[in-house]
DNA sequence: TAATAAAGTTAGACTAATCTAACAATATTT
DNA sequence: AAATATTGTTAGATTAGTCTAACTTTATTA
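Protein chains in written order, with the numbering used here: chain A, 1 to 237; chain B, 1 to 237.
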C-alpha cells in the first residue's frame with residue numbers, strides 16, 4: 001500500500017510528465033522530469049526528491065538513475081492516474097452534490113483523494129452518473145486509469161465569428177476561478193467570438209446574451225470545443 | 001491541527017470513557033481510563049500510550065499525571081466528539097447514498113473521519129437531511145460535539161408480549177452485523193417479543209411477519225425503544 | 001577547453017509514532 | 001506487612017519524511 005506522500009509524488013509526476021504543457025510535448029514522448037523541477041512543484045528540497053526517487057525506484061514505480069531524470073513506469077503511471085481519478089471524482093461530488101464553489105473544492109479533494117477504496121470510487125462514480133469531466137473541465141480517468149483527452153484548443157485560437165463551448169480551464173488558481181465565476185461563465189456554456197483585435201490582443205466574446213471584452217490572460221486559459229471538432233483534430237472553428 | 005494519530009487517541013478516549021458500558025457508569029462520573037486499557041483498545045503497547053498521554057497533556061487535551069488515569073478535558077472531549085460526528089455522518093452517507101452494506105461502512109469511515117473541514121461536514125449533514133442516528137443506530141453528535149443519548153434498553157429487557165422498535169446495535173463486529181442483515185432486520189423495524197424462555201434464555205421474536213428464536217448473544221446487543229418511552233425513562237415495555 | 005553555473009547527491013540531524021527490554025510504582029493477596 | 005502480581009515508565013532503537021550544509025556531477029558559456 002502506498003503512503004500519502006508516495007501518492008503525492010506519483011500524482012505530481014503524472015501532472016508534470018503527462019498533463020503540463022501537453023500540447024507542446026504532444027507526440028514527443030518527453031515524459032520525464034528533473035529532480036529540481038519536481039522538488040519545486042512539490043515544495044520540498046531537491047535532497048528530499050533524490051531520496052524519494054530512489055525509494056520509488058525500488059518499488060518499481062519510477063525509472064531513475066543517479067544524476068538522471070525521473071519518469072513513471074507503467075505501474076507508477078497507473079497509480080498516479082488513480083489518485084487523479086479520485087481527486088476529480090471527489091471534486092465533482094463536492095460541486096454537484098454539496099454545492100461547494102468552484103474555488104473551494106480543490107483543497108478538500110487534496111485530502112479526500114487519499115482514501116483508498118476502489119469500490120468507494122466506483123460507487124461514487126455511479127452516484128454522480130459517470131461524469132467525463134470534473135467541475136474544472138478536466139477529464140476524469142476511468143477505472144483502469146485510462147484517460148482520453150479530447151482534442152482541446154484555447155479560446156485564443158478560435159477564429160472571429162465562430163462559436164464554441166467551454167469545456168475546461170487551464171489555470172486553476174483561485175483568482176482565475178473567482179473571475180470566471182464572477183462573469184457568470186460555466187462549463188458547457190456556448191461562447192461566440194465576436195471580434196479579435198490584433199493590436200492589443202483583446203477579444204470580444206458573447207455568452208448567455210452578455211458581451212465582454214477579455215484579455216489573453218483569460219482566453220489562453222479557457223479550453224473550448226465546437227460541435228464539429230468534438231471528435232476531429234481538424235476543424236475550422 | 002491534530003494529527004491522524006492524536007485524533008484516534010481522543011476518539012478512543014471518548015468511546016472508553018463516555019460510551020462504553022455507559023449504562024453501568026451512568027451518573028458515576030468515572031470518565032477516566034488506565035494506560036493498559038487504552039493501549040489494548042488501540043492495539044499499541046502501554047509504553048506508547050504513556051508517551052502520548054504526556055503529549056496530549058501538554059496540548060491540554062487530557063488530564064493525566066504520571067502513574068495516574070487518563071481523562072479528557074473539555075477541549076479533548078469536544079475534539080473526540082467531532083471525530084465521532086464525522087465518522088457517523090460518513091457512515092450514513094455510504095449507507096444511504098452509495099448503497100454500501102452495513103458491515104462495510106465502518107472501515108471506510110475510519111479513513112474519512114480524518115478529513116478536517118467543518119464546512120464539509122455541515123454540508124454533508126444537510127445533504128443527508130440532518131440524521132440523528134447513523135446506520136448502526138448510534139447518535140450523531142451535533143455541530144458542537146453535543147450528543148443527547150436517548151434512553152435505550154436492550155431487547156433482553158423487553159417484557160413478553162410487548163412491542164418495541166430497534167434503534168441501534170451494541171456489537172459492531174462484522175459477524176454480528178452480517179447476522180442481523182441475514183435475518184433481514186433493520187433500524188426502525190418493529191419487533192414483538194412473543195415468548196421468553198427462562199430456562200435457556202431464548203427469546204421468540206416477530207418482525208415483518210417473520211418469527212425467529214434468538215439467544216442472549218443477540219438480544220443483549222440490540223437496542224430498542226418503544227413508542228411510549230421515546231422520551232420517558234420509565235416505561236412498561 | 002577551462003571556468004563557471006546549474007543540477008543533483010550524500011551525510012547527518014530532526015520529529016512523530018511506534019517498538020522492546022529493563023525498571024519502578026501501585027495494588028492485591030496470602 | 002511481606003510477597004507477588006499488575007500496572008505504568010523510561011531509555012534506546014526504528015522508520016518515514018523532511019531539512020541543512022557540504023560535496024559531486026553534468027551542462028553551459030566565455
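No residue lacks a Cβ here, since even glycine has one placed at the ideal position from N, Cα and C.
None of the values given here were measured: they were computed from a predicted structure.
Going by other Cβ atoms of all chains shown within 10 Å of its Cβ, with 16 needed for buried, is residue i buried or exposed?
i, result
"residue 84(A)", "buried"
"residue 7(A)", "buried"
"residue 219(A)", "buried"
"residue 9(B)", "buried"
"residue 40(A)", "exposed"
"residue 214(B)", "buried"
"residue 148(A)", "exposed"
"residue 138(B)", "buried"
"residue 191(A)", "buried"
"residue 80(A)", "buried"
"residue 35(A)", "buried"
"residue 27(A)", "Summary for residue 27(A): the model assigns pLDDT 44, below 50, so the residue's position carries little reliability, and this model does not support an answer."
"residue 174(B)", "exposed"
"residue 66(A)", "exposed"
"residue 210(A)", "exposed"
I'd like to check one pair, residue j with residue i: are the Cβ atoms closer than 9 angstroms?
i, j, result
"residue 168(A)", "residue 140(A)", "no"
"residue 143(B)", "residue 125(B)", "yes"
"residue 135(B)", "residue 91(B)", "yes"
"residue 204(B)", "residue 156(B)", "no"
"residue 13(B)", "residue 71(B)", "yes"
"residue 102(A)", "residue 177(A)", "yes"
"residue 104(A)", "residue 119(B)", "yes"
"residue 100(A)", "residue 123(B)", "yes"
"residue 94(A)", "residue 109(A)", "yes"
"residue 158(B)", "residue 224(B)", "yes"
"residue 16(B)", "residue 33(B)", "yes"
"residue 238(A)", "residue 199(A)", "Residue 238(A) is absent from the model: chain A starts at 1 and stops at 237."
"residue 77(B)", "residue 18(B)", "yes"
If I measure Cβ to Cβ from residue i and keep anything under 7 angstroms in the same chain, skipping five residues before and after, which residues do I get?
i, result
"residue 60(B)", "73, 75"
"residue 183(A)", "212"
"residue 196(B)", "160, 203"
"residue 216(B)", "156, 201"
"residue 131(B)", "92, 140"
"residue 121(A)", "85, 86, 89"
Quick one: what does DSSP say residue i is sitting in, helix, strand or coil?
i, result
"residue 239(A)", "Outside the modelled stretch of chain A, which goes from 1 to 237, sits residue 239(A), for which no answer is possible."
"residue 81(B)", "helix"
"residue 214(A)", "strand"
"residue 194(B)", "strand"
"residue 201(A)", "coil"
"residue 31(A)", "coil"
"residue 165(B)", "strand"
"residue 3(B)", "coil"
"residue 37(B)", "helix"
"residue 25(A)", "Residue confidence is low: residue 25(A) scores 43 on pLDDT, short of 50, so the model does not pin down where it sits. No coordinate-derived value is stated."
"residue 73(A)", "coil"
"residue 154(B)", "strand"
"residue 63(B)", "strand"
"residue 207(A)", "strand"
"residue 181(B)", "helix"
"residue 130(B)", "coil"
Spatial neighbours of residue i within its chain, please: CB distance less than 8 angstroms, with the 5 preceding and 5 following residues excluded, ordered by chain position.
i, result
"residue 115(B)", "86"
"residue 64(B)", "53, 54, 56, 57, 70, 71"
"residue 154(B)", "170, 219, 220, 221, 222, 223, 224"
"residue 31(A)", "17, 18, 25, 71, 72"
Given residue i, which residues of its chain have a CB within under 6 angstroms of its CB, disregarding the five upstream and five downstream residues?
i, result
"residue 56(A)", "62"
"residue 82(B)", "145"
"residue 112(B)", "90"
"residue 2(B)", "none"
"residue 171(B)", "221"
"residue 189(A)", "166, 207"
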